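Using the working numbering, read the sequence shown as starting at 672 and increasing by one per residue. C-beta: ideal position from N, C-alpha, C; glycine also. Just so you know, these numbers come straight off a predicted model, no measurement behind them. Heads up, the thing below is written out as structure tokens.
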Amino acid sequence: MIDVIVIALLICGLVFFTGGAVGILRFPDFYTRLHPAGKMDTLGSFLMVLAVALFNLHEFSWAALLTSLKILLIILFVFILNPTATHAIVDAGFRAGMRPWTKKDRGK
Numbered sequence: 672m673i674d675v676i677v678i679a680l681l682i683c684g685l686v687f688f689t690g691g692a693v694g695i696l697r698f699p700d701f702y703t704r705l706h707p708a709g710k711m712d713t714l715g716s717f718l719m720v721l722a723v724a725l726f727n728l729h730e731f732s733w734a735a736l737l738t739s740l741k742i743l744l745i746i747l748f749v750f751i752l753n754p755t756a757t758h759a760i761v762d763a764g765f766r767a768g769m770r771p772w773t774k775k776d777r778g779k
């Protein structure tokens, strides 16, 4: 049963990573490309690392439980730091003078 949940979480994480990659390729400028990179990668990594933590509990022991708790701490740090890093990159781009995309830029 836990294997089915792990596989489902891994597939969902892969779908979100793929959606983030498609968003990075499809969106027109720096700012809109960072949105799927920050949001979709955070959720994709959250789901995949959660699957690893659950798979680690396949054979339940205190060592496996502590390892899964460490993995959950990694999820917490990624969940906090990935959007923060994306915000810092957007702020650096804004300070460097990168202009947001407008409809006038469509033909360029």
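Just to confirm the assignment, what range does the alpha helix (DSSP H) spanning residue i have?
i, result
"tryptophan 733", "733-766"
"phenylalanine 701", "701-727"
"arginine 697", "673-697"
Between the options, which has its C-alpha nearest residue i's C-alpha?
i, options, result
"glycine 715", "Gly768, Thr738, Phe701 and Ile746", "Ile746"
"aspartate 712", "Thr755, Gly768 and Trp772", "Thr755"
- Message: Quick check: the stretch 728-735 against the stretch 682-693, are at least 3 beta-carbon pairs closer than 8 Å?
- Response: With fewer than three CB-CB distances shorter than 8 Å, the stretch 682-693 does not count as touching the stretch 728-735.
- Any chance the stretch 758-769 sits against the stretch 715-732, with 3 or more Cβ pairs inside 8 Å? No: the two stretches stay apart, fewer than three of their Cβ pairs being nearer than 8 Å.
- Is the number of C-beta pairs between the stretch 672-679 and the stretch 698-707 that are closer than 8 Å three or more? The answer is no - the stretch 698-707 does not touch the stretch 672-679, with fewer than three Cβ pairs under 8 Å.
- Item | Stretch pair the stretch 712-728 + the stretch 738-757: three plus CB contacts closer than 8 Å | Yes, since at least three Cβ pairs between the stretch 712-728 and the stretch 738-757 fall closer than 8 Å, the two stretches touch.
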